[in-house]
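Undergrad:
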Amino acid sequence: MSNQIPDEVIEKVRKSNDIVDVIGEYVQLKQQGRNFFGLCPFHGEKTPSFSVTQEKQIFHCFGCGKGGNVLTFIMEMENYSFFEALKYLAEKSGVEIPESNIKQESSLSPESQNILSAYEWVTKLYHHLLRYTKDGKAGYQYFLDRGITDETIDVFQLGFAPNIKDFTAEFLKKKGFHQQILVKAGLLSMQEDNSVTDRFRGRVIFPIRNHLGKPIGFGGRTITDQEPKYLNSSESELFQKGRILYNFDQAKKHIRKQSEAVLFEGYMDVISAHQAGVKNGIATLGTSLTENQAKLLHRYVDTVIICYDADRAGLDATYKAAGALQKAGCHVKIANLREGMDPDSFIHQFGAEAFKDEVIKASHTFTSFYMQYVKKDFNLSLEADRIQYIEKVIEQLALIDSSVEREYYLKELSNEFDVSMESLNQEIQSQRENISISKDKREKNRYTNRAPRFNQTKKLLPAFQNAERQLIAYMLQDSFITDKVQEELGASFNVDAHKIIATHLYAYYEDGHEPDVSMFIEKLADDNLKRIITEIAMIPVHDNISDREINDYIRLIRAEHSNKESITSLKEQQRLAEQQQDPIKAAKIAMQIIELQKQLRNTN
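Here the sequence shown stands for residues 1 to 604, where the numbers follow the UniProt record's numbering.
#1: Is residue 650 near Ile-501, with beta carbons less than 8 Å apart?
#2: Taking all protein chains shown into account, do 16 or more other C-beta atoms lie within 10 angstroms of the C-beta of Ser-381, making it buried, or fewer, making it exposed?
#3: Are residue 605 and Ile-472 close, meaning C-beta to C-beta below 8 Å?
#4: Taking the alpha-carbon positions, what's the Gly-277 to Tyr-319 distance?
#5: Pick helix, strand or coil for Phe-200, following the three-state DSSP scheme.
#6: Which of helix, strand or coil does DSSP assign to Ile-208?
#7: Can you tell me the Cα-Cα spacing of residue 621 and Lys-241, whole angstroms?
#8: Look at the alpha carbon of Glu-91 and the alpha carbon of Asp-302, and state the distance between them as a whole number of angstroms.
#9: Ordered along the chain, which non-local residues of its own chain (more than five positions away) have a Cβ less than 7 Å from that of Ala-335?
#10: The beta strand (DSSP E) that contains Ser-414, what's its start and end?
#11: Within its chain, find whatever has a CB closer than 8 Å to the CB of Lys-12; leave out the 5 residues flanking it on each side and keep chain order.
#12: Closest to Ile-255 by C-alpha separation, out of Asp-552, Pro-6, Phe-206 and Val-27, would be which residue?
#13: Drop a sphere of 10 angstroms on the beta-carbon of Pro-207, count the other beta-carbons inside from all chains shown, and report buried for 16 or more, exposed for fewer.
#14: Mapping DSSP to helix, strand and coil, what is Gln-179?
#15: What does the alpha-carbon distance come out to for the pair Arg-446 and Thr-47?
#16: With a threshold of 7 Å on Cβ separation, who are the neighbours of Ile-23 within its own chain once the five nearest residues in sequence on each side are excluded?
#17: Grouping DSSP H, G and I as helix and E and B as strand, with all else coil, what is Pro-452?
#18: Considering Cα atoms alone, identify which of Phe-200, Leu-238 and Asn-210 is closest to Glu-224.
#19: Roughly how many angstroms lie between the CA atoms of Ile-584 and Gly-67, to the nearest whole one?
#20: Between Tyr-267 and Ala-283, which are expected to be in contact by the criterion C-beta below 8 Å, what is the C-beta distance as a whole number of angstroms?
#21: Extract the residue ranges of the alpha helix (DSSP H) inside the region 3-29, only unbroken runs of 4 or more that lie entirely within it.
#22: Is there contact between the region 179-187 and the region 226-246, where contact requires at least three CB pairs shorter than 8 Å?
#23: Determine the DSSP secondary structure at Gln-349, reduced to helix, strand or coil.
#24: Pull up the CB-CB distance for Asn-232 and Gly-202, whole angstroms please, since I reckon it's below 8 Å.
#25: Pick from Ile-435, Arg-406, Pro-540 and Glu-488: whose alpha carbon is nearest that of Arg-469?
#26: Is Ile-594 buried or exposed, if buried means 16 or more other CB atoms sit within 10 Å of its CB?
#27: In angstroms with no decimal places, state the Cα-to-Cα distance between Leu-315 and Ala-384.
#28: Terminal residues of the continuous beta strand (DSSP E) containing Asn-466?
#29: Among the candidates Leu-399, Phe-82 and Tyr-389, whose CA atom is the shortest distance from the CA of Phe-417?
#30: Since Ile-271 and Thr-152 should fall inside the 8 Å C-beta cutoff, what is the C-beta to C-beta distance between them, to a whole number of angstroms?
#31: Taking the beta carbon of Arg-450 as the centre, do at least 16 other beta carbons fall within 10 Å, making it buried, or is it exposed?
#32: Please name the residue, chosen from Asp-145, Thr-197 and Thr-149, that lies closest to Glu-170 on a Cα-to-Cα basis.
#33: Assign Asn-434 to buried or exposed, taking buried as 16 or more other Cβ atoms, counted over all protein chains shown, within 10 Å of its Cβ.
#34: Looking at Gln-465 and Val-495, is the spacing between their C-beta atoms short of 8 Å?
#35: Indicate whether His-504 and Leu-524 have their beta-carbon atoms separated by less than 8 Å.
#36: Using 8 Å as the threshold, is the C-beta distance between Leu-129 and Phe-156 below it?
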């Protein structure tokens, strides 16, 4: 496929997109030594096993085995074809690719491509109407009354759908879109008499974009007395509320920079906060935070500040969201919002600086929030309820590993309820012992057949196989070593995949290429070979390896190959002896075979 585009163009695109920067837009990477590590985006894990090397411009997951270069990553991550990945990276880095060289194919179904195109057209239409026409004046005034500036309206591409039954339907019909697709996309609504009407008519529009910035749905808010107050696009292949976070495409760069994300409940909270200078804000789409959304956030950041409404419903939602985030591995903080207020109203009443300093920067720990939150379940004027409350809080404190943090909150309990630190500490130690016993049982169960494990312990490889892998690791970074191996071993590797890799490497260097694992991978079509190569390329190697070490690897590989060939030859001789009815000769040959096999086992 890639040969339709000149190799030099592909290489220019690849070299213009540093793999650490590109993957860093999807995964929170932390440098350890020469490599970067993060949570694998291709399988669920809580301990990072996903490695990226800037020097070699490749990635490899030691958990699920996926690996490759920057193009491979985008293809896997976005479910793109090679051409889509190349075009995306070219646009990202400003490299021009002649359109005649790009094969017009898409990983999306034709229907989804049509829906995507329709949303792009309508987003521009509604935004233009809001900003520049009389038809959008009511929507424009609504945002002005909410304190939203023209600049912010443009950043979020806010719009207005006129209260005209078939305005959008007629607009899209002229653009060549079929009515049935538009109903399925959630832009039009089918009535009982089979007529269609504009789904969002008379509403201000909040375009909902995917992580690449493409509009895939709308949130519409009434500015009159329509019901419901908020209306979302219907779910589709492109638009799934439980997997999308509002404003994630714009917020992710600020999330990475600040190492924190601020989670809001609604569109207007995000928009007001952005205008106030809090640009790392995202929101769910009118639903509770899902497991998928929590995992997505954890890939990008360790700390999430929850800034929901400070009323009873908001506090309940905060507690639920905090649980989902902690389960995903996030550190959770709770914004210090005054009782009964929401973020948008706080900003309007007290200003941007007060919001940043008194609400976001002054966030509470989850434990502090929890101690206040659970009080609603108890009547603390009653002695029995006070005791139950203390016991419930201690259950939470027992989960904290830091003894300093535990003591800090225990002192709060001691002072508030006049209970001695000694008795509180005894209770918490008892709780922690129970947790430890339960944890030990879970650890034992991990090693039973009933406990599913993703990453099985890898069995030790034979010495010759390790030698082949180590030798290929050196060949990938040194053409002179490859020349020596080609001369002395040729294709006489014992593992079939290693034979193929070596043969490709010989051809790669003979074509005049410099050592470059990422480029070498791009020349291969077999995904399994790419995976093996990236795994081997991650093997630590010495900068200056001696000829003696290389010769030792070659000797081990050659001995294995020679013994296997000898065994094959002897088995053929044994078969002939048996055919000639010479049992004594066949038995002698059998003894030779057994001896050679014993030697092979000893060297392995």
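Just so it is clear, CB atoms sit at the ideal spot from N, CA and C, and this is done for glycine as well. No experiment lies behind these values; they were computed from the predicted model shown.
TA: Considering the structure as presented:
#1: What the structure shows of the chain is the stretch from 1 to 604, and residue 650 is not part of that stretch, so it cannot be assessed.
#2: Residue numbering aside, residue 381 sits at position 381 when the sequence shown is read from its first letter. Counting Cβ neighbours within 10 Å, Ser-381 comes out exposed, since fewer than 16 surround it.
#3: As shown, the chain starts at 1 and ends at 604. That puts residue 605 outside it, with no answer to give.
#4: In the sequence shown, residue 277 corresponds to position 277, counting from 1. In the sequence shown, residue 319 corresponds to position 319, counting from 1. Between Gly-277 and Tyr-319, the C-alpha separation is close to 26 Å.
#5: Stepping through the sequence shown from its first residue, residue 200 is reached at position 200. Correct three-state label for Phe-200: coil.
#6: Here residue 208 refers to the residue found at position 208 of the sequence shown. In this structure, Ile-208 counts as strand in the three-state DSSP scheme.
#7: Because the chain in this structure spans residues 1 to 604, residue 621 falls outside the shown range and cannot be described.
#8: What you label residue 91 is simply residue 91 of the sequence shown in a count that begins at 1. What you label residue 302 is simply residue 302 of the sequence shown in a count that begins at 1. Roughly 30 Å between the two C-alpha positions.
#9: Working through the sequence shown from its first residue, we reach residue 335 at position 335. Contacts found: Ile-305, Ile-306, Cys-307, Val-359, Ile-360 and Ser-363.
#10: Counted from its first residue, the sequence shown places residue 414 at position 414. Segment 403-417 is the alpha helix (DSSP H) holding Ser-414; no beta strand (DSSP E) there.
#11: For the purposes of this step, residue 12 is identified with residue 12 of the sequence shown, where counting begins at 1. The answer, listed in chain order, is Val-95.
#12: Looking up residue 255 in the sequence shown gives position 255. Nearest of Asp-552, Pro-6, Phe-206 and Val-27 to Ile-255, Cα basis: Val-27.
#13: In the sequence shown, the residue the question calls residue 207 occupies position 207. Buried, since its Cβ has 16 or more Cβ neighbours within 10 Å.
#14: Taking the sequence shown and counting its residues from 1, one reaches residue 179 at position 179. DSSP places Gln-179 in helix when its eight states are reduced to three.
#15: Along the sequence shown, read from residue 1 onward, the residue named residue 446 stands at position 446. Along the sequence shown, read from residue 1 onward, the residue named residue 47 stands at position 47. Residue confidence is low: Arg-446 scores 45 on pLDDT, short of 50, so the model does not pin down where it sits. Its coordinate-derived value is still stated next. Rounded to the nearest angstrom, the two C-alpha atoms are 16 Å apart.
#16: On the sequence shown, residue 23 is found 23 positions in, with the first residue counted as 1. The residues are Leu-29, Val-52, Phe-59 and Phe-73.
#17: As a position in the sequence shown, residue 452 is number 452, starting the count at 1. In this prediction, Pro-452 has a pLDDT of 35, which is less than 50 and means its spatial position is unreliable; what the coordinates show is noted afterwards. The answer is coil: DSSP assigns Pro-452 none of H, G, I, E or B.
#18: Counting from one through the sequence shown, the residue named residue 224 turns up at place 224. For clarity, residue 224 is Thr in the given sequence; the question names Glu instead. Thr-224 has its Cα closest to that of Phe-200, out of Phe-200, Leu-238 and Asn-210.
#19: Counted from its first residue, the sequence shown places residue 584 at position 584. Counted from its first residue, the sequence shown places residue 67 at position 67. Looking at the two C-alpha atoms, the distance is approximately 54 Å.
#20: As a working mapping, residue 267 is identified with position 267 in the sequence shown. As a working mapping, residue 283 is identified with position 283 in the sequence shown. 6 Å between Cβ atoms; contact.
#21: 7-15 and 19-23
#22: yes
#23: One-based indexing of the sequence shown puts residue 349 at position 349. Helix, per DSSP.
#24: Translated into positions along the sequence shown, residue 232 becomes position 232. Translated into positions along the sequence shown, residue 202 becomes position 202. Contact doesn't hold; Cβ gap of about 16 Å is too wide.
#25: Counting from 1 along the sequence shown, the entry for residue 469 is found at position 469. Of the candidates Ile-435, Arg-406, Pro-540 and Glu-488, the one whose C-alpha sits nearest the C-alpha of Arg-469 is Pro-540.
#26: Numbered from its first residue, the sequence shown carries residue 594 at position 594. Exposed.
#27: Position 315 of the sequence shown, counted from the first residue, corresponds to residue 315. Position 384 of the sequence shown, counted from the first residue, corresponds to residue 384. Cα to Cα, Leu-315 sits roughly 25 Å from Ala-384.
#28: For the purposes of this step, residue 466 is taken as residue 466 along the sequence shown, with counting starting at 1. From DSSP, Asn-466 is part of no beta strand (DSSP E) but of the alpha helix (DSSP H) over 463-475.
#29: Working through the sequence shown from its first residue, we reach residue 417 at position 417. Of the listed residues, the one whose Cα sits closest to Phe-417 is Tyr-389.
#30: In the sequence shown, residue 271 corresponds to position 271, counting from 1. In the sequence shown, residue 152 corresponds to position 152, counting from 1. Indeed, because the Cβ distance is near 6 Å, the residues count as touching under 8 Å.
#31: Along the sequence shown, one-based indexing puts residue 450 at 450. Reliability of the predicted coordinates at Arg-450 is poor, the pLDDT of 39 falling under 50, and the value obtained from them is presented with this limitation in mind. Its Cβ having fewer than 16 others within 10 Å, Arg-450 is exposed.
#32: Here residue 170 refers to the residue found at position 170 of the sequence shown. With distances taken between Cα atoms, Glu-170 lies closest to Thr-197.
#33: Taking the first residue of the sequence shown as 1, we reach residue 434 at position 434. When all chains shown are included, Asn-434 counts as exposed.
#34: As a working mapping, residue 495 is identified with position 495 in the sequence shown. As a working mapping, residue 465 is identified with position 465 in the sequence shown. The answer is yes: Cβ separation under 8 Å.
#35: Taking the sequence shown and counting its residues from 1, the one referred to as residue 504 is at position 504. Taking the sequence shown and counting its residues from 1, the one referred to as residue 524 is at position 524. The answer is yes: Cβ separation under 8 Å.
#36: Mapped onto the sequence shown, residue 129 falls at position 129. Mapped onto the sequence shown, residue 156 falls at position 156. Result no, Cβ atoms of Leu-129 and Phe-156 do not sit closer than 8 Å.
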